[in-house]
Amino acid sequence: MRIVVLSRSKTLHSTRRLMQEARALGVECMIVNPLRCQLSVGKGGPQICIMGKNLEGVDVVVPRIGTSITEYGLLVVRHFEHMGVPVVNPSDAILNSRNKFRALQTCSAKGLAVPLSVMGRSSSDLPNNMRLIGRFPMIMKLLQGAQGIGVMLGHDRSSVESVVSTMLEMDKDLVLQEFIKEASGTDVRVLVVGGKVVAAMRRNAKKGEFRANVHRGGFGERISRLPKSYERLALASAKALGLEIAGVDLLESSVGPLLLEVNSSPGFEELEKATKINVAEKMIRQAMKQAHAGHRRLARAHAAALKRSGTAPKPKGRKAAAKKKPVAKRAPAKKRVPAKSRAKKR
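Counting along the sequence shown from 1, when you hit position 131 you're at 130 in numbering that gives the first Met the number 0, and nothing is skipped either side.
Shown next as structure tokens:
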């Protein structure tokens with residue numbers, strides 16, 4: 000089996016761990032930089048070339064697409080899909096989760112609990128948007144970003160107006176979101192793989208920081224028993240977005256857990272460290288599972304095509320002999336003669 004991990008760097012912790020666990024399971028693992036993939040369509044069908052050579056024999060793809068290469072990275076993922084290669088996290092699911100407001104739209108439409116969030120494209124709408132949020136401080140977020148980048152805290156009207164107007168002038172859309180005071184500096188990261196929660200930790204921000212991201216100096220601590228309400232929300236969020244692997248971030252509020260955001264390419268260095276769970280192995284096993292499922296689908300489709308064309312192979316051996324054996328015809332039943340007729344003949 001050959002697994003392709005789409006990643007710009009072999010030295011990233013997550014990439015190295017996935018390659019390590021794949022090899023431990025006896026699986027070939029290729030690290031492919033999506034920016035080096037040449038895509039072609041038309042005569043001969045969709046193809047991917049790297050340095051002039053066709054990329055063939057791929058059983059499954061694990062995308063690790065960073066936000067900086069979202070557009071081209073998703074074209075590469077979609078190309079694998081058109082080639083019939085199973086992909087752990089399809090392109091549409093990555094796209095929906097990558098846009099933070101779109102992810103909230105999708106999950107909220109499914110009845111999932113999210114913080115009050117408002118988005119407007121015009122600076123003239125800002126006063127009303129702030130009124131909808133209702134109180135300061137409030138969170139300001141760019142639509143795309145990871146590791147806490149593009150997330151700001153506005154303590155008053157003037158600071159929010161300053162940031163929002165600057166972002167709009169730069170053609171950057173912002174989401175205003177209510178600040179959950181009781182969750183300040185903490186959140187819960189839940190890792191979902193194949194429709195199951197495999198690990199969870201509480202992330203704590205460093206002193207003076209409201210963002211709990213590890214890349215902002217935060218640290219994780221294991222949650223040995225995740226409350227059922229958190230588990231249900233994490234699983235439902237991943238399912239709503241169509242993600243097989245998802246890092247789901249939840250806020251602990253006075254009314255229960257709230258969905259903050261969903262990451263389709265979650266880092267897991269701190270998660271493995273805090274929980275002592277082999278997260279990389281679980282991801283590789285999910286990829287292998289989807290590869291096997293893809294092979295079965297292809298086999299069924301091939302058999303169905305042969306059957307429709309009338310070129311399906313004829314059965315051999317005992318089963319074939321049994322099918323060829325003629326069925327003995329029953330002798331016609333004798334016509335019954337009534338008793339009175341028999342008496343007259345006598």
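Glycine residues also receive a C-beta, built at the ideal position from the N, C-alpha and C atoms. Small disclaimer: the values here were computed from a predicted structure and weren't measured.
Residue i: first and last residue of the uninterrupted beta strand (DSSP E) it sits in
i    : result
A245 : 244-252
F100 : F100 -> not in any beta strand (DSSP E); alpha helix (DSSP H) instead, spanning 99-108.
E181 : Taken as a continuous stretch (DSSP letters only), E181 belongs to no beta strand (DSSP E), as it is neither H nor E.
M151 : 150-153
N262 : 255-262
P62  : 59-62
S39  : 37-39
Neighbourhood of residue i by C-beta, 6 Å cutoff - its chain only, sequence neighbours within 5 removed
i    : result
V59  : I2, P85, A286, Q289, A290
V163 : L125, L173
R35  : I49
H81  : P45
F79  : V60, V86
S228 : G255, P256
E260 : K99, D248
M166 : L173
Span of the alpha helix (DSSP H), counted from its first residue to its last, around residue i
i    : result
G72  : 69-81
V159 : 156-168
K272 : 268-274
A204 : Taken as a continuous stretch (DSSP letters only), A204 belongs to no alpha helix (DSSP H), as it is neither H nor E.
L240 : 227-240
M29  : Here M29 belongs to no alpha helix (DSSP H); instead the beta strand (DSSP E) covers 27-31.
L115 : No alpha helix (DSSP H) contains L115, which DSSP labels as neither H nor E.
E20  : 12-23
Own chain partners of residue i with C-beta closer than 7 Å, once the 5 adjacent residues on each side are dropped
i    : result
R130 : none
N128 : V117, G119, L175
S252 : I179, E181, A182
K171 : L141
Assigned exposure category for residue i - 16 Cβ within 10 Å defines buried
i    : result
G72  : buried
I30  : buried
E20  : buried
L232 : buried
N262 : buried
I148 : exposed
S39  : exposed
R299 : exposed
R295 : exposed
T274 : buried
T14  : buried
R224 : exposed
L54  : buried
D155 : exposed
L240 : buried
G217 : buried
Cβ shell of residue i (< 8 Å), same chain only, five flanking positions each side left out
i   : result
V87 : V59, V60, V61, P62, E243, I244, M282, Q285, A286, Q289
G56 : R1
I68 : R7, P33, L34
G65 : R7, G72, A145, S264
- [ ] Answer yes if the stretch 119-135 comes into contact with the stretch 88-105, meaning at least three C-beta pairs across the two stretches below 8 Å, and no otherwise.
- [x] Under the Cβ criterion (8 Å, minimum of three pairs), the stretch 88-105 does not count as touching the stretch 119-135.
TODO: Determine, using beta-carbon pairs with one atom in the stretch 127-143 and one in the stretch 174-183, whether at least three such pairs fall under 8 Å.
DONE: Because the criterion of three Cβ pairs below 8 Å is met, the stretch 127-143 and the stretch 174-183 touch.
Open item on the list: Between the stretch 189-202 and the stretch 269-279, can you find at least three pairs of beta-carbon atoms closer than 8 Å?
Closed with: By the criterion of at least three beta-carbon pairs nearer than 8 Å, the stretch 269-279 is in contact with the stretch 189-202.
Task: Sequence ranges, alpha helix (DSSP H) only - wholly within the stretch 118-146, length at least 4 - done: Entirely contained in the stretch 118-146, the alpha helix (DSSP H) runs reaching 4 residues are, in chain order, 125-132.
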